[in-house]
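If you read the sequences in order, they're chains A and B. In my numbering, each number is its position in the first sequence, counted from 1, plus 54. In my numbering, each number is its position in the second sequence, counted from 1, plus 652. The beta-carbon is built from N, C-alpha and C at its ideal position, and this holds for glycine as well.
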Amino acid sequence: MKHRQDILFKNSLGLLSWAFIAVLVAMILSLLHMSGLAWEKIGFSFFTTSHWNPVKHQYGVAAFAWATLVTSLLALLISTPLSLAVAVSVTELMKKRAGRVFGFFVDMLAAIPSVVYGLWGIFVLVPLMRTQVQPWLFENLGWIGIFSEVPYGVGILTASIVLAIMILPTMSSLLREVFQTIPLTQKEAALGLGATKTEMIYLSVVKSSKSSIVAAMVLGLARALGETMAVTMVIGNRNDWMKSIFSPAQTMASLIANEYVEATHDLHLSALALVGVTLLMISSVIQLVFRAIYARGRK
Amino acid sequence: MKSNFRKTKDLSLKVLYIMGVLIAIAPLVSVLWTVVREGYGALTPTFFTNTPAPVGEVGGGIAHAIIGSFVVVGLASIVAIPWGIILGIARSEFPKTITDNILGFAIDLFMSIPTLLIGLFAYGLIVMRMRTFSAWSGAFALMLIMVPLITKTTEEMLKQVPLTVREAGLALGLPRWKVILRIILPGSIGAVSSGVLLALARISGETAPLLFTAFGMRTFSQSLSEPIATLPVQIYTYSISPYDEWRSQSWGAALVLVMLALVVNGVTRALIGSRTRGKK
Chain A
55 MKHRQDILFK NSLGLLSWAF IAVLVAMILS LLHMSGLAWE KIGFSFFTTS HWNPVKHQYG
115 VAAFAWATLV TSLLALLIST PLSLAVAVSV TELMKKRAGR VFGFFVDMLA AIPSVVYGLW
175 GIFVLVPLMR TQVQPWLFEN LGWIGIFSEV PYGVGILTAS IVLAIMILPT MSSLLREVFQ
235 TIPLTQKEAA LGLGATKTEM IYLSVVKSSK SSIVAAMVLG LARALGETMA VTMVIGNRND
295 WMKSIFSPAQ TMASLIANEY VEATHDLHLS ALALVGVTLL MISSVIQLVF RAIYARGRK
Chain B
653 MKSNFRKTKD LSLKVLYIMG VLIAIAPLVS VLWTVVREGY GALTPTFFTN TPAPVGEVGG
713 GIAHAIIGSF VVVGLASIVA IPWGIILGIA RSEFPKTITD NILGFAIDLF MSIPTLLIGL
773 FAYGLIVMRM RTFSAWSGAF ALMLIMVPLI TKTTEEMLKQ VPLTVREAGL ALGLPRWKVI
833 LRIILPGSIG AVSSGVLLAL ARISGETAPL LFTAFGMRTF SQSLSEPIAT LPVQIYTYSI
893 SPYDEWRSQS WGAALVLVML ALVVNGVTRA LIGSRTRGKK
């Protein structure tokens, strides 16, 4: 027997669900609409050129897309080994209580607002990079080419470090969850064959969670690409191609944050919205990739 | 027997793993330490009661930004809390329908979209129409960020309620809506409100979507259709300003936000954690 009130109840839940879905659709359409003018005027060369000069009405996103990619990948490079170390230590090496406490500390990294990381970046990390880290890399490793610019403090590398800190809790908590579900027998099997603890960790834990590690990296990448405030505050905001990983640069998100309020010309506003659409497309694709990998890993 | 080489390798790897953990929490320690050291001095009584004084004069505060944050976050929650909880109920109680599949996808996608773009949407939808930055548009953006967060936690918490509870209610002849609203939801109200608190703490620190919606203001706003100051945006504008006093206030505001975030996160996580651990 079905209650009539239940049908009403279920339908109103459905209505509110569809309302939310409609907001998402509206958002995508609205961003497309806002960027329509730029798309009409500039066309596909928007993605292939890198001149960004609102005064001359030249708009190209390539340099920003490149800087976004480089900062995010560098952040991933720093954050992946660290989050693995955290997940492994917390689930396998430490005593239960210690693991919980340290896991909690790492999780707290996610609680700190982006703008506070930016503030910390400006007053702690940037001076440190300018006076210590970058001069050292510049002098000793400058010949490699990627450290070849005079140190400013702000720039790609600084932004990457801040990003790495910010995506670390996301990645490590996902890995931790996965590692916790690994059956005890699988670990005992390795130990029983005479493996040391770290050999067991490699054989039974890390090796069997390869797809989850990739999933964690994709998730971290997604977070890093769209992160705005902290990056805006430490990347140096220079609308140009990066020359080295010390260069001040501009990511797509920081460009929008910096210029949108001050933009007065319709085409400028629309071009910034088109940058937003580019960012939206990239983050949606990454989200789809993540879902695919994560779903497969869970089977 | 394990060879010496393997024992040394084992030990050094363990050391490396633990070092990784220490490196990972070093930034947390550094951020907290700096925020407390730099922000503590700024937290004078006038900090909480006054609006900004002209540069050079002492006694300015950021009361307008504190109130502004409450207003914008409050407006956002009025819609976001019920909507988020309802969607959470829909996802946990009526799963695997077409609506649920699409909604789940929409929520995941929404959470992955940079919040900056949600601000851009609010700009296009509200600011452009009203021709002014406003508390409304900022609240709208924050509301959209908040709904999926609440939905996710509510859904997870309600799914932990055993099926037998639902069956017991239904066996008494209660309609499903009564079982859900009178038995299941009240039973997990603590966990659900923890999720709401976490979402509140999270959006209180959101900056990017407010840059071109709520914008900012030098003093108290007179109406919701005016630009309005908020704590995070105030931190941003002060941090890139050349005045020491403003920078110091920026740290003060950061201390307030960080405290809020840590207390809410710490307490709710301890609560939710003990609940789920108790069940195992």
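Can you tell which of the options has its C-alpha closest to the C-alpha of residue i?
{"i": "Leu85 (chain A)", "options": "B:Lys666, B:Thr701, B:Ala774 and B:Leu826", "result": "B:Ala774"}
{"i": "Ala117 (chain A)", "options": "A:Ile347, A:Gly290, A:Leu83 and A:Gln304", "result": "A:Gln304"}
{"i": "Phe98 (chain A)", "options": "A:Arg350, A:Val329 and A:Ala349", "result": "A:Val329"}
{"i": "Val77 (chain A)", "options": "B:Arg783, B:Leu768 and B:Phe762", "result": "B:Phe762"}
{"i": "Gly274 (chain A)", "options": "A:Leu130, A:Leu257 and A:Leu326", "result": "A:Leu130"}
{"i": "Leu83 (chain A)", "options": "B:Glu807, B:Gly776 and B:Thr751", "result": "B:Gly776"}
{"i": "Ala793 (chain B)", "options": "B:Ala913, B:Pro861, B:Met911 and B:Thr806", "result": "B:Pro861"}
{"i": "Val339 (chain A)", "options": "B:Asp760, B:Ala922 and B:Ala881", "result": "B:Asp760"}
{"i": "Glu146 (chain A)", "options": "A:Ser168, A:Ser266 and A:Lys241", "result": "A:Lys241"}
{"i": "Thr634 (chain B)", "options": "B:Thr751, B:Leu863 and B:Pro706", "result": "A query on residue 634 (chain B) cannot be resolved here, the shown segment of chain B reaching from 653 to 932 and no further."}
{"i": "Arg350 (chain A)", "options": "A:Ser265, A:His105 and A:Thr239", "result": "A:Ser265"}
{"i": "Glu436 (chain A)", "options": "A:Val79, A:Ser337, A:Lys261 and A:Thr102", "result": "The shown model of chain A, from 55 to 353, leaves out residue 436 (chain A), and the question about it has no answer."}
{"i": "Arg58 (chain A)", "options": "B:Lys830, B:Val848, B:Leu914 and B:Ser902", "result": "B:Lys830"}
{"i": "Gly857 (chain B)", "options": "B:Ala758, B:Phe722 and B:Phe785", "result": "B:Phe722"}
{"i": "Ser226 (chain A)", "options": "A:Leu67, A:Phe344 and A:Ala141", "result": "A:Ala141"}
At 7 Å on the CB atoms, spell out the chain A contacts of residue i, in chain order.
{"i": "Leu680 (chain B)", "result": "Phe159, Met162 and Leu163"}
{"i": "Leu822 (chain B)", "result": "Within chain A, no residue comes near Leu822 (chain B); the closest Cβ sits about 10 Å away, beyond 7 Å."}
{"i": "Leu796 (chain B)", "result": "Val77"}
{"i": "Pro827 (chain B)", "result": "His57, Gln59 and Asp60"}
{"i": "Ser902 (chain B)", "result": "Leu173"}
{"i": "Arg783 (chain B)", "result": "Within 7 Å Cβ-Cβ: nothing; Arg783 (chain B) doesn't reach chain A, min ~14 Å."}
For a contact defined as C-beta to C-beta under 9 Å, what are the partners of residue i on chain A?
{"i": "Trp735 (chain B)", "result": "Leu70, Ala73 and Phe74"}
{"i": "Lys659 (chain B)", "result": "Thr250"}
{"i": "Tyr669 (chain B)", "result": "Leu138, Ala139, Val140, Val142, Ser143, Glu146, Leu147, Thr252 and Ile255"}
Using a beta-carbon distance below 8 Å, is residue i in contact with chain A?
{"i": "Phe746 (chain B)", "result": "yes"}
{"i": "Trp898 (chain B)", "result": "no"}
{"i": "Ile924 (chain B)", "result": "no"}
{"i": "Pro766 (chain B)", "result": "yes"}
{"i": "Asn917 (chain B)", "result": "yes"}
{"i": "Lys811 (chain B)", "result": "no"}
{"i": "Ala913 (chain B)", "result": "yes"}
{"i": "Leu777 (chain B)", "result": "yes"}
{"i": "Ala742 (chain B)", "result": "yes"}
{"i": "Arg818 (chain B)", "result": "no"}
{"i": "Thr701 (chain B)", "result": "no"}
{"i": "Ser789 (chain B)", "result": "no"}
{"i": "Val799 (chain B)", "result": "yes"}
{"i": "Arg921 (chain B)", "result": "yes"}
{"i": "Val687 (chain B)", "result": "yes"}
So which residues of chain B does residue i contact, with C-beta pairs closer than 9 Å?
{"i": "Leu128 (chain A)", "result": "Neighbours of Leu128 (chain A) on chain B: none; closest Cβ ~16 Å, over 9 Å."}
{"i": "Arg345 (chain A)", "result": "Phe757 and Asp760"}
Taking C-beta pairs closer than 8 Å, name the residues in chain B that residue i reaches, listed in chain order.
{"i": "Ile299 (chain A)", "result": "Ordered by position in chain B, no residue passes the 8 Å Cβ test against Ile299 (chain A), which lies about 19 Å from the chain."}
{"i": "Pro135 (chain A)", "result": "Gly672"}
{"i": "Ile176 (chain A)", "result": "Ser891 and Ile892"}
{"i": "Tyr314 (chain A)", "result": "Leu772, Tyr775, Leu863 and Phe864"}
Check whether chain B comes within 8 Å of residue i, counting only Cβ atoms and requiring the distance to be less than that.
{"i": "Ser338 (chain A)", "result": "yes"}
{"i": "Phe101 (chain A)", "result": "no"}
{"i": "Met335 (chain A)", "result": "no"}
{"i": "Val268 (chain A)", "result": "no"}
{"i": "His57 (chain A)", "result": "yes"}
{"i": "Ile92 (chain A)", "result": "Sequence check: residue 92 (chain A) is Ala here, not Ile. With 8 Å as the cut-off, Ala92 (chain A) does not count as an interface residue toward chain B."}
{"i": "Met38 (chain A)", "result": "In the structure displayed, chain A extends from 55 to 353; residue 38 (chain A) sits before or after that span and is not available."}
{"i": "Val232 (chain A)", "result": "no"}
{"i": "Phe63 (chain A)", "result": "yes"}
{"i": "Gln341 (chain A)", "result": "yes"}
{"i": "Gly246 (chain A)", "result": "no"}
{"i": "Met81 (chain A)", "result": "yes"}
{"i": "Gly330 (chain A)", "result": "yes"}
{"i": "Tyr348 (chain A)", "result": "no"}
What does residue i touch in chain A if you count any residue whose Cβ is under 8 Å from its own?
{"i": "Lys666 (chain B)", "result": "Leu147, Lys251 and Thr252"}
For residue i, which beta-bridge partners are listed by DSSP?
{"i": "Ala303 (chain A)", "result": "A:Gly290"}
{"i": "Gln112 (chain A)", "result": "A:Asn107"}
For residue i, which residues in chain B fall below 7 Å Cβ to Cβ?
{"i": "Val169 (chain A)", "result": "Gly857, Thr859, Pro884, Ile887 and Tyr888"}
{"i": "Gly222 (chain A)", "result": "According to the sequence displayed, residue 222 (chain A) carries Leu and not Gly. Here the neighbours are Ala676."}
{"i": "Thr282 (chain A)", "result": "Pro766, Leu768 and Ala860"}
So does residue i have its beta carbon nearer than 7 Å to some heavy atom of the ligand COA?
{"i": "Gly776 (chain B)", "result": "Among the components of this structure there are no ligands whatsoever, and the ligand COA is therefore not found."}
Segment contact flag, the region 171–181 of chain A with the region 716–732 of chain B, C-beta cutoff 8 Å, min 3 pairs: Taking a contact to require three or more Cβ pairs closer than 8 Å, the region 171–181 of chain A and the region 716–732 of chain B do not qualify as touching.
Cβ contact check for the region 207–217 of chain A and the region 289–298 of chain A: 3 or more pairs under 8 Å: Because the criterion of three Cβ pairs below 8 Å is met, the region 207–217 of chain A and the region 289–298 of chain A touch.
Stretch pair the region 110–125 of chain A + the region 312–331 of chain A: three plus CB contacts closer than 8 Å: Counting Cβ pairs under 8 Å, three or more are found: they touch.
Contact between the region 694–709 of chain B and the region 883–903 of chain B (3+ Cβ pairs under 8 Å): The region 694–709 of chain B, when compared against the region 883–903 of chain B, does touch it at the 8 Å Cβ threshold.
Segment contact flag, the region 915–925 of chain B with the region 155–165 of chain A, C-beta cutoff 8 Å, min 3 pairs: Here the region 915–925 of chain B makes contact with the region 155–165 of chain A; the two share three or more CB pairs at distances below 8 Å.
Given 8 Å, three or more beta-carbon pairs between the region 737–749 of chain B and the region 795–810 of chain B: Yes, the region 737–749 of chain B touches the region 795–810 of chain B.
Stretch pair the region 305–316 of chain A + the region 284–291 of chain A: three plus CB contacts closer than 8 Å: Yes, the region 305–316 of chain A is in contact with the region 284–291 of chain A.
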